[in-house]
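Numbering of the sequence shown is given in UniProt numbering, commencing with residue 1 and proceeding in unit increments. Glycine residues also receive a C-beta, built at the ideal position from the N, C-alpha and C atoms.
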Amino acid sequence: MKHKKHQTICSILMLMSLLVTSIGVSLQPVYAENRSDKTNYVAFGDSIAAGYGLDGYSDDQTAAPGDSYQALVASFLHTQSANYAITGDNSDDCMELLHSGKADADLANADIITLSIGSNDLLLPFIQILLDFFEINPETLDPSAIPEQLKTGFPLPQIDVTKMAEYYEKAEELLTLLSDNETLHAQTAAFPEKFQTIVSILHDKAPDAEIYATNIYNPFVTIPKIGELADIYIQEMNKAFSKNASGYTLIDVYTPFYEKQLTNVNIDFKQPYDFRLDPHPSVQGHAKIANLIIRACKQAHAPKAAELRKLSTSSKQTLTVKATLPADADGYQVLYAAKKNGSYQQLGTSDNTTFRTNSKKLKAKKTYYVKLRSYKVIKGVTYYGADSPAKKITIK
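Structure (structure tokens):
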């Protein structure tokens, strides 16, 4: 019981330290040069999209840090993002930005848009609840110490052991206040309409763009009580997102972040001398988000599979492939391996129905497995279709 009470008190002390994370800095967007031969990528969102806490992030930055998911997606697309992600923004701020017209030029030419918004719709009123509960004046908080403390940890305040019962009672009172809070429920109820409004504005201003929207993850999933409380409201918020939506592609970050710790939060109740509270994605977390978005992009643009109709060999080291190329593909790769389930290597490429080679890679009297992989190129990015079934042939 004593250990349980200590965990509860430490959790509330952690919440108090989270108060200062709401004092964010606004970023000035960087405008990418519009080029028809490159993908025009525009990013919107809050501090998650901005790459807060990563190396290279600064208060006056314009471009997102190199390890941010935004930069990683831009690298895959062989382009530079137009960065409109602003630390501290909630859905109202995002709508205001879109209505301001500041992003109109980039949106008019946008091919791909990423959107990460909604976390602050919960965090900001949550912080206000804490400020009111503890009767804290936000002007007394020092925002200059936040970045370093988020990385190195917040030292726990001195605990007067004679007041443990009082601390525990206060902690339980706050947990009860947060467990079924009307203000937080109201925020989750209002978010779906705001999110749909944002998506609608983006479609109006960028009619040809694909939109990839992340849902909301729980950064405190491993923390007793706090993680459970946060999950109630986060799951309510995530009802705004649909994997079957026609207006955007959902990037589910809630599930992988729930299954594996991918934020900078690090709490050890066995040695609670300090705790790391940064709820933003770690380098690994940003890589995970980027991979999910890139995978969705690949799926959206993958051509249909090429059909391997026939293989033949007429002379030493000669191989002829008869193929059917799908209409949405630019060509196909010819891949070969010594074993059906072995490691396939590229033998060549073609955009015709017939491919012929006398490559020295093929040895006479040897048996090989051959399959095709369709591809198409969009603004410098190559997208691949599924492999065709492999066929076996012995070279003459």
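Alpha-carbon spacing of residue i relative to residue j, whole angstroms
i, j, result
"Y254", "D231", "10 Å"
"S119", "T357", "56 Å"
"H203", "L54", "31 Å"
"T318", "T394", "10 Å"
"Q28", "I48", "Because the pLDDT at Q28 is just 48, under 50, the model does not fix this residue reliably, and the point stays unresolved."
"T114", "S315", "53 Å"
"N238", "S374", "36 Å"
"I267", "F133", "24 Å"
"Q128", "I117", "19 Å"
"D330", "L123", "47 Å"
"A71", "L97", "21 Å"
"Y233", "S91", "16 Å"
"E228", "T183", "18 Å"
"L107", "A300", "20 Å"
"T222", "K361", "53 Å"
"P326", "D67", "37 Å"
"K363", "Q345", "15 Å"
"R309", "K298", "26 Å"
"T249", "K243", "7 Å"
"S81", "A43", "7 Å"
"E57", "N83", "Checking the sequence, you will find Tyr at residue 57 rather than Glu. So the two alpha carbons sit approximately 13 Å from each other."
"A110", "L177", "44 Å"
"S388", "N341", "13 Å"
"A50", "A171", "33 Å"
"I251", "A338", "38 Å"
"A186", "L277", "26 Å"
"E169", "L130", "16 Å"
"D104", "V321", "49 Å"
"D121", "V199", "16 Å"
"P125", "N181", "11 Å"
"G247", "S179", "33 Å"
"S359", "D351", "18 Å"
"D93", "I216", "17 Å"
"Q235", "G88", "21 Å"
Assigned secondary structure, residue i (DSSP; H/G/I helix, E/B strand, else coil)
i, result
"Y41", "strand"
"G285", "helix"
"Y233", "helix"
"I223", "coil"
"T318", "coil"
"S343", "coil"
"Y217", "coil"
"K194", "helix"
"D387", "strand"
"K304", "coil"
"K205", "helix"
"K361", "coil"
"S242", "coil"
"K298", "helix"
"T349", "strand"
"T382", "strand"
"N181", "coil"
"Q187", "helix"
Residue i - partner residues in DSSP beta bridges
i, result
"residue 397", "Here the chain comprises residues numbered 1 to 396, so residue 397 is not present and cannot be evaluated."
"I117", "In DSSP, I117 forms no bridge with anything."
"I211", "I113"
"Y369", "A337 and K392"
"N266", "R276"
"G331", "Y375"
"D252", "Answer is none; D252 lacks a bridge partner."
"F355", "V321"
"L311", "V321"
Residue i vs residue j beta-carbon contact at 8 Å
i, j, result
"K391", "L311", "yes"
"N291", "F257", "no"
"F195", "A240", "yes"
"K371", "L347", "no"
"L77", "Y52", "no"
"T313", "S282", "no"
"D46", "A85", "yes"
"K376", "D328", "yes"
"H286", "Y69", "yes"
"A323", "A296", "no"
"A302", "Y368", "no"
"L175", "K225", "yes"
"residue 406", "I289", "Outside the shown range of the chain, which is 1 to 396, sits residue 406, and nothing can be said about it."
"T349", "Y332", "yes"
"T197", "M95", "yes"
"T39", "I112", "yes"
"K260", "G385", "no"
Closer than 7 Å: residue i CB and nearest the ligand MN heavy atom
i, result
"P224", "The ligand MN is not part of the structure shown, which contains no ligands of any sort."
Cβ of residue i within 8 Å of any chain D Cβ
i, result
"A337", "Absence of chain D from the displayed structure is noted, only one protein chain being present."
Problem - beta strand (DSSP E) runs contained entirely in the region 49 to 135, provided each spans 3 or more residues - result: 81 to 85 and 112 to 116
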